[in-house]
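Residues 1 to 140, numbered by UniProt numbering, are exactly what the sequence shown covers, in order.
Just below is one structure, and these are the notes that go with it.
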Amino acid sequence: MPKFAVLVHASKDSESGQMPTSQEFEEMDAFNKKYIDSGALLHANGFLASSKGARVLFSKDSAPTIKYGPFELENLVSGYWILKLDSMDEAIEFAQGVPFKDGSVEVRQVAGPEDFAEVLTEEQKREWEERSQAEDKTPE
Numbered sequence: 001m002p003k004f005a006v007l008v009h010a011s012k013d014s015e016s017g018q019m020p021t022s023q024e025f026e027e028m029d030a031f032n033k034k035y036i037d038s039g040a041l042l043h044a045n046g047f048l049a050s051s052k053g054a055r056v057l058f059s060k061d062s063a064p065t066i067k068y069g070p071f072e073l074e075n076l077v078s079g080y081w082i083l084k085l086d087s088m089d090e091a092i093e094f095a096q097g098v099p100f101k102d103g104s105v106e107v108r109q110v111a112g113p114e115d116f117a118e119v120l121t122e123e124q125k126r127e128w129e130e131r132s133q134a135e136d137k138t139p140e
């Protein structure tokens with residue numbers, strides 16, 4: 001069964017450090033609970049503002065460079081869900097139900113060993129599958 005990441009785009013509020021209200025937490029908990037109970041929700045979390053983060057930039061011509069936040073709002077992620085669902089349509093349905101008043105999320109399918117079939121050895125495929133199955137069973 002494929003996995004999907006639903007990525008929450010950062011907002012001015014999330015970047016300012018504004019936390020959700022108690023009511024918003026309750027709504028999110030209720031929303032998440034049905035996916036936890038069904039076994040579809042594997043993991044979810046939010047990030048602190050980018051001012052508490054860093055980026056490591058790579059270049060073939062030099063050593064990695066570190067840049068500390070805050071970063072421009074464009075292309076920032078402030079949270080995510082990882083789900084195991086049957087299809088992209090199911091992942092989009094999940095995303096449409098997220099109890100946000102405004103903002104946006106992005107739905108992406110997570111790559112699996114089958115997506116790298118041409119470059120992985122049989123041993124690498126087996127190890128990837130084993131890691132993936134162990135991750136699915138890891139308690140939060």
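Using N, Cα and C, we set each Cβ at its ideal position, and we do this for glycine too.
Predicted model only: the values in this text are computed from it and were never measured.
Put simply, the backbone Cα of Ser51 is about 15 Å away from that of Met19. In this structure, DSSP gives Gln133 a helical state, which the three-state scheme calls helix.
A contact is defined here as three or more CB-CB pairs under 8 Å, and the stretch 27-41 fails this definition with respect to the stretch 110-127. By the beta-carbon neighbour count (other beta carbons within 10 angstroms, threshold 16), Val56 is exposed.
The stretch 55-74 and the stretch 86-104 do not touch, with fewer than three beta-carbon pairs separated by less than 8 Å. By the Cβ neighbour-count rule, Ser78 is buried, with 16 or more other Cβ atoms within 10 Å of its own. For Lys34, the closest of Ser132, Asp136, Phe116 and Phe94 by C-alpha to C-alpha distance is Phe94. Taken in chain order, the unbroken stretches of beta strand (DSSP E) that lie wholly in the stretch 33-89 and span 3 residues or more are 41-46, 54-59, 62-68 and 77-84. Cβ-Cβ distances below 8 Å link Lys12 to Leu73 in the same chain, with the five nearest sequence neighbours on each side left out; the list follows chain order. Secondary structure note for Glu106: its beta strand (DSSP E) is the uninterrupted segment Val105 to Gln109.
Excluding sequence positions up to five before and after Met88, its CB lies less than 6 Å from no other CB in the same chain. The Cβ atoms of Val6 and Val110 lie no closer than 8 Å to each other. The residue from Tyr68, Ile82, Gly112 and Glu90 with its alpha-carbon nearest to that of Glu130 is Gly112.
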